[in-house]
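Peer 1: Have a look at this one.
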Amino acid sequence: MATSGQDGVQSVGRALDLLELLSQNEDGLRASDLARLSGLAVSTTHRLLTTLEGRGFAHSDPDSAAWHVGRTAFAVGSTYGRRRSFAVPAMPYLRRLRDLTRETANLGVLDNDHLVTISQVESREIVRAIAPPGGQAPIVCSGMGKALLATWPDAEIAALVARTGLPPMTPHSLTSLQAVMADIRQVRERGYAVDDEERNPGLRCVAAPVWAASGEPVCAISISALAVRLTLARIPEVGAQVREAAHALSLHLGGVPEMPPPRE
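In terms of this note's numbering, the sequence shown opens at residue 554 and continues consecutively.
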């Protein structure tokens, strides 16, 4: 028989599962849909949602009966980006890059073998490419991930690939260490990385690393766009713009902005 302590831990886990589901659906979800997706009883789901609502982590729309992430959840989650000293200083550079390219500008960091987007300035185009803040992607399938990966020694890159594997996300994904290293050599040569529909079909991303005063790459910035707008012919121009924005932000942070030579 489960103890009350075990019941409490289980309830916390279930509540967090519901929050994750809500975060993935901007239009909200009904309690019955959440119950189906989570595998919980409707009564249990409603009890957990009511508890979350009481603490501000969820709220319900009385008109649609849909549940959404609450203000407290946003406030708690946003501290992930704020606690990093570069997130706030990066915003003017992201806005400038968005205005220059007319595409969505992003800021990302590496976390547990994934690239996590922590800040974003959306394109003003009606149809735009958006991976919302908080979303994560395999490092090798991400432009920002590859930009940061290129600053690593080759042996560490090989170790990452051995540890995580290279599961393809699209037909364009890199699926061998040889292909990854060839791509990384290009990143080092030109100073920016390209995700050529490797994470999402029809979307491209161009990214460059940002350096801090510690001499370490702390984050990356990127432009993401529909492939029909960010054409292969346009990539060198946008790549230079992203690289220059990363250079300027690195200087602002007191870092060395140049991409280092390949390290063995």
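C-beta: ideal position from N, C-alpha, C; glycine also.
#1: In chain order, what residues of the same chain lie with their CB nearer than 7 Å to the CB of serine 585, ignoring the 5 residues before and after it?
#2: Could you tell me the distance, in whole angstroms, from the CA atom of threonine 657 to the CA atom of valine 565?
#3: Mind checking threonine 547: buried by the 16 CB within 10 Å criterion, or exposed?
#4: Considering only the beta carbon of each residue, do alanine 640 and glycine 623 sit closer than 9 Å?
#5: Shortest alpha-carbon distance to histidine 667 belongs to which of Thr654, Leu650 and Leu701?
#6: Would you call the stretch 745-765 and the stretch 792-811 touching, i.e. three or more CB-CB distances under 8 Å?
#7: Please classify valine 809: does DSSP put it in a helix, a strand, or coil?
#8: Secondary structure at histidine 621, three-state DSSP: helix, strand or coil?
#9: Pop quiz: serine 775 and glycine 688 are said to be a contact at Cβ under 8 Å. What is the actual Cβ separation, rounded to whole angstroms?
#10: On the criterion of 16 or more Cβ atoms from any shown chain inside 10 Å, does asparagine 659 qualify as buried, or is it exposed?
#11: Just to confirm, are leucine 663 and valine 693 a CB contact at a threshold of 9 Å?
#12: Could you give the first and the last residue of the continuous beta strand (DSSP E) run that contains glycine 661?
Peer 2: In this structure, then:
#1: Val595
#2: 35 Å
#3: With the chain running from 554 to 817 in the structure shown, residue 547 is simply not present.
#4: Result no, Cβ atoms of alanine 640 and glycine 623 do not sit closer than 9 Å.
#5: Leu701
#6: yes
#7: coil
#8: Correct three-state label for histidine 621: strand.
#9: Incorrect: roughly 13 Å between the Cβ atoms, too far for contact.
#10: Burial call: buried.
#11: Inclusion of leucine 663 and valine 693 in the CB contact set at 9 Å is not warranted, their separation being larger than that value.
#12: 657-664
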